[in-house]
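Encoded as structure tokens, the structure appears first; notes follow it.
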């Protein structure tokens, strides 16, 4: 519990808290998503500060998350997944008591991470924050700073109170003795992540009740600025353009030097030898079954992305791909139009939430590439947004790669004539009826726009760590075998 | 991999699988939620059977879940939570490779559970299945049965194949040696949970490829029956009425003997002594702070439910309740109209998903009691549904109680005049504007209907394990102190 403040100070704080509640309503109205991070020393008062922040807030609009060491389950995924899954809806607030910064400060000291690993994590964090701020997220990063002497005093006080003594552990005292090592880890973290779009706010927290006042007061200022900025809409536009450029400049090198062929140059004539198909299919499925076991044993996650024209045969190819696999080790994730929960957040949120665990396979039937295809063509996102997406996706896939994920991306290609033939076939079969909708016919009319978008996608996201494979799909059997062959050869390379 | 079937058998299976896909589409159209459980011996072929089931299904309509021992995180919640959170949307299918039955069969033997504990779990399972089937869920429970000899043969074969040898662990062989103990656990489980609405299907799985055929064939029959039944709508109605009666008969005894006062007899005159309020509030908050630590140390979850008239002061009472608490140890969960994900499942789903962890506090600002208030009055559920809900809620709360959860339920009561006064005040203050909507005015007109519903609720869900507390709320300060006092005294009783 904090020390008593004077009546005057209390009244001033109460006013600020009410102001914050009004800002919260305006934030909601304007659909601004806000992330507030509380970092700082042990016993620096993060809990009391959070209490102070939420005091007058509408509980329907915020959520508090406490970050400890990653648990058993969280460790089966890339590091940042547990944070990506907790980003707020547009208009809401997520408050983090410790955050992704725990993994580059406390963990750096605790687990004795190499400088290289720490820098790697810092880079991933910068990328994540950039993606979020580019998308309109307001990230407010607060560090509560106290002296070693003050920390000692607080630990001692907590220990002397019967109901709080359990809060001070041997670990806390150990950390206290290592104050200097932590100090340099914290300094390094702040220095490397104090960016223009997500700056740090270091608050002197040696006096506990003025800390709350100072923090709430800073929050009010930041929110007010953001709301004022919104009114000067034009200005925000220009700065967004700059942001997009900045990101492109940083990932151009990842794209493979040998350019991928544009769709018009793909040879669609290859066909399977009918009489050998079954045998060959079975053989490939057996081999993949073996490799599936290998993946599991080595705890490598595998992502297979299927993109392609409507009726290109994605479903059929997936069916053969998994035909010999144990269904407990893979998941087919069909991606359709986002629901409200998904639409209300950064577009990558739902993909972070459905990543495969170590040793498991996630097969995406359509994917994050919707951003640069359907969302681009239908105008569900702005030009700047889909242009930025190429680089964002490259970053996303690079991060997965760096954390051990094997990625195989397919574009299943067919000709417009072949598509028409298949649409008509589908209409005729009751068990395939669900596969054809009005929308498919509408999309078909936009073939040229899609072709341009697909060529861009293939060109700008064809990286060494996640290259595209174009599968000629006019002959279904050929496509199915080819998918299996490509997955197998990529796994054999990686394992 | 399964043994080779003849071409004829393969063709027959392929036909059945296509049929299943058509049923799936009809199930979707009719919004029938389906749960398929696969239980059985180690190496009885659960994986292959699941592969066989999903072969032709639309992947957008089903999900496969594998159930192992509860993990670290899952153990912090009541046993059935991890299954409740995975029930399908209406029209979708959840397939469980092992399920809640793992906890009364394998776990019973592994962890040497007492007969009492096993029976307790069996009862909870029956209740869960009853709630789900009453709500229209189709639960299909399949047990794959093989002989001890066949199991030995399969383990040996798996071990001889280089890519599958790792699948057979020392544990599997240990289980094999304990075949008889498991047999009796499985028999006991089946005997006790083979109910009319969710019967078991024991399938002879000694011949692996006919097992898939038999299972898919049975599934087709069951789904066809269900779909046919739907067409005979009238009949279903009567059987639903019977189900409701059955459930009432089983929980009437839980309701407290001393009936709770109806709202019209509540004395609304109590008021706090203004000059002592602050001091008293502070003292109570300090005491609750101590007890919060106690709860955490003893790993007891605490649920506090706030119900009451619009503008009764729930928000203000909650604010004072948590005023002295560490925000990392509690969560305020505001319950408003369900979103699509929530509306598309059993109404208790969203509450199972938001239960507090052991040692944590969940404060519900409105709750599952919406079922017997707003949903009843606005006709969002049928009469049978809300009548059944009293008992379902009693069961739900009993289960939480049995698993250590402390529950405090408040009805904050005010007079219609007081409400009107507060509505007008809210309109005047910008920071409280969000608290008042058109809907509040509409609800106000239905005061008499709500009063009847509330009296029923207080009467039928006032159990020994989760009693109601009515708080006179015309004086806000009195209500706030009273809430704190009641929480404290209940905690002091329980700890």
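Residue numbers (this note's numbering), protein chains in the order written: chain A, 5 to 499; chain B, 5 to 499. Yeah, the Cβ is synthetic: ideal placement off N, Cα and C, and Gly gets one too.
For this session: Could you name the residues of the region 24-58 of chain B whose beta carbon sits closer than 7 angstroms to any beta carbon of chain A, in the order they occur along the chain?
Result: Result list: 25, 26, 29, 51, 54, 55 and 58.
Exercise. In terms of DSSP beta bridges, what is residue 219 of chain A paired with?
Worked result: In the DSSP output, where bridge partners are listed per residue, residue 219 of chain A has none listed.
For this session: Assign residue 398 of chain B to one of two classes, buried (16 or more other C-beta atoms within 10 Å of its C-beta) or exposed (fewer than that).
Result: Buried is the call here.
Exercise. In chain A, which residues lie less than 7 angstroms from residue 331 of chain B when you measure between Cβ atoms?
Worked result: For a Cβ distance threshold of 7 angstroms, residue set 51, 54, 55, 58 and 68 of chain A lies close to residue 331 of chain B, ordered along the chain.
For this session: Compare the C-beta of residue 168 of chain B against all C-beta atoms of chain A and say whether one is closer than 8 angstroms.
Result: Interface residue (Cβ-Cβ distance to chain A less than 8 angstroms): residue 168 of chain B is classified as such.
Problem set entry | Burial state of residue 341 of chain A (16 or more Cβ within 10 Å) | Exposed, because fewer than 16 other Cβ atoms sit within 10 Å of the Cβ of residue 341 of chain A.
Exercise. If you draw a straight line from the C-alpha of residue 319 of chain B to the C-alpha of residue 107 of chain B, how long is it?
Worked result: Taking the CA atoms as reference points, residue 319 of chain B sits about 40 angstroms from residue 107 of chain B.
Exercise. According to DSSP, is residue 107 of chain A helix, strand or coil?
Worked result: Reduced to three states, the DSSP call for residue 107 of chain A is helix.
For this session: Counting only runs of 4+ residues fully inside the region 157-244 of chain A, write out the alpha helix (DSSP H) ranges in chain order.
Result: Listed in chain order, the complete alpha helix (DSSP H) runs (minimum 4 residues) inside the region 157-244 of chain A are 174-181, 183-197 and 212-235.
For this session: Under 8 angstroms Cβ to Cβ from residue 479 of chain B, same chain only, skipping five residues before and after it: list those, please.
Result: Answer for residue 479 of chain B: 274, 275 and 276, listed in chain order.
Exercise. Is residue 372 of chain B close to chain A, meaning its C-beta is less than 8 angstroms from at least one C-beta of that chain?
Worked result: At a cut-off of 8 angstroms, the C-beta of residue 372 of chain B has no neighbouring C-beta in chain A.
Exercise. From residue 136 of chain B to residue 233 of chain B, what distance separates their C-alpha atoms?
Worked result: Near 17 angstroms, if we compare the C-alpha coordinates of residue 233 of chain B and residue 136 of chain B.
Exercise. Below 8 angstroms, can you find three or more Cβ-Cβ pairs linking the region 303-322 of chain B to the region 357-368 of chain B?
Worked result: Contact between the region 303-322 of chain B and the region 357-368 of chain B is present, because at least three Cβ pairs lie under 8 angstroms.
Exercise. Span of the beta strand (DSSP E) holding residue 70 of chain A?
Worked result: From DSSP, the beta strand (DSSP E) with residue 70 of chain A extends over 66-70.
Exercise. Closer than 8 angstroms, CB to CB, is residue 340 of chain A near chain D or not?
Worked result: Reference to chain D is not applicable here, since the protein chains of this structure are A and B.
Exercise. When the cut-off is 8 angstroms and only beta carbons count, does residue 305 of chain A lie next to chain B?
Worked result: Chain B, which has no Cβ nearer than 8 angstroms to the Cβ of residue 305 of chain A, makes this no.
For this session: Residues of the region 68-90 of chain A with a CB closer than 8 angstroms to any CB of chain B: list them in chain order, please.
Result: Correct list: 68, 70, 75, 76 and 77.
Problem set entry | Which of helix, strand or coil DSSP assigns to residue 444 of chain A | In the structure shown, residue 444 of chain A sits in a helix (DSSP, three-state: H, G or I).
For this session: Over the uninterrupted alpha helix (DSSP H) stretch that includes residue 30 of chain B, give me the two end residues.
Result: Counting along the chain, residue 30 of chain B sits inside the alpha helix (DSSP H) bounded by residues 11-33.
Exercise. With contact counted as at least three CB pairs below 8 angstroms, one residue from each stretch, are the region 397-415 of chain A and the region 466-478 of chain A in contact?
Worked result: Three or more beta-carbon pairs drawn from the region 397-415 of chain A and the region 466-478 of chain A are found closer than 8 angstroms, and the two stretches are therefore classed as touching.
Problem set entry | Cβ separation of residue 231 of chain B and residue 94 of chain B, assumed to be a contact under 8 angstroms, to the nearest whole Å | Not quite, the Cβ-Cβ distance comes to about 15 angstroms (not below 8 angstroms), so this is no contact.
For this session: Grab me the residues of residue 427 of chain B's own chain with a C-beta within less than 7 angstroms of its C-beta, minus the 5 sequence neighbours each way, in chain order.
Result: 315, 440 and 444.
Exercise. Are the region 98-106 of chain A and the region 339-355 of chain A touching by the rule of at least three beta carbon pairs closer than 8 angstroms?
Worked result: Here the region 98-106 of chain A makes no contact with the region 339-355 of chain A; the two share fewer than three CB pairs at distances below 8 angstroms.
Exercise. Distance, Cα to Cα, residue 499 of chain A vs residue 59 of chain A?
Worked result: Answer to the nearest angstrom: the Cα atoms are 53 angstroms apart.
Exercise. With respect to the alpha helix (DSSP H) encompassing residue 369 of chain A, which residues constitute its N-terminal and C-terminal limits?
Worked result: For residue 369 of chain A, no alpha helix (DSSP H) segment is defined; the enclosing uninterrupted segment is the beta strand (DSSP E) at 365-369.
For this session: Return no unless some Cβ of chain B is closer than 8 angstroms to the Cβ of residue 353 of chain A.
Result: Among the CB atoms of chain B, none fall inside 8 angstroms of the CB of residue 353 of chain A.
For this session: Leaving aside the five residues before and after residue 455 of chain A along the sequence, list all residues of the same chain whose C-beta is less than 7 angstroms from its C-beta, in chain order.
Result: Excluding its 5 nearest sequence neighbours in each direction, residue 455 of chain A has C-beta neighbours in its own chain below 7 angstroms: 267, listed in chain order.
For this session: Using a cut-off of 7 angstroms between C-beta atoms, extract the partners of residue 301 of chain A located in chain B.
Result: Proximity of chain B to residue 301 of chain A at the Cβ level (cut-off 7 angstroms) is accounted for by 170, in chain order.
Exercise. For residue 481 of chain A, which three-state DSSP category applies?
Worked result: Residue 481 of chain A falls in the helix class under three-state DSSP.
For this session: Just mark residue 116 of chain B as buried or exposed, buried being the case when its beta carbon has 16 or more other beta carbons within 10 Å.
Result: Burial state of residue 116 of chain B is exposed, judged by a 10 Å Cβ sphere holding fewer than 16 other Cβ atoms.
Exercise. What does residue 427 of chain A reach in chain B if we use C-beta pairs closer than 9 angstroms?
Worked result: Going along chain B, no residue has its Cβ under 9 angstroms from residue 427 of chain A, so there is no contact; the nearest lies around 17 angstroms.
Exercise. CB-CB under 6 angstroms to residue 489 of chain A, same chain, minus the five flanking residues each way: which ones, in chain order?
Worked result: The beta carbon of residue 489 of chain A sits closer than 6 angstroms to no other beta carbon from its chain once the five residues preceding and following it are set aside.
Exercise. Mind checking whether residue 113 of chain A and residue 189 of chain A have CB atoms under 8 angstroms apart?
Worked result: Cβ atoms of residue 113 of chain A and residue 189 of chain A: closer than 8 angstroms.
Problem set entry | Other residues of its chain near residue 281 of chain A: CB distance less than 8 angstroms, five sequence neighbours each side excluded | Within its own chain, the residues whose Cβ lies closer than 8 angstroms to the Cβ of residue 281 of chain A, once the five positions on either side in sequence are excluded, are 481 and 485, listed in chain order.
Problem set entry | Contiguous beta strand (DSSP E) assignments of at least 3 residues, all confined to the region 258-319 of chain A | With a minimum length of 3 residues, the continuous beta strand (DSSP E) runs that stay inside the region 258-319 of chain A are 306-312.
Exercise. Along the region 273-300 of chain A, what residues have a CB closer than 9 angstroms to any CB found in chain B?
Worked result: Identification of residues in the region 273-300 of chain A having a C-beta nearer than 9 angstroms to some C-beta of chain B yields 289, 290, 293, 294, 295, 296, 297, 298 and 300, given in sequence order.
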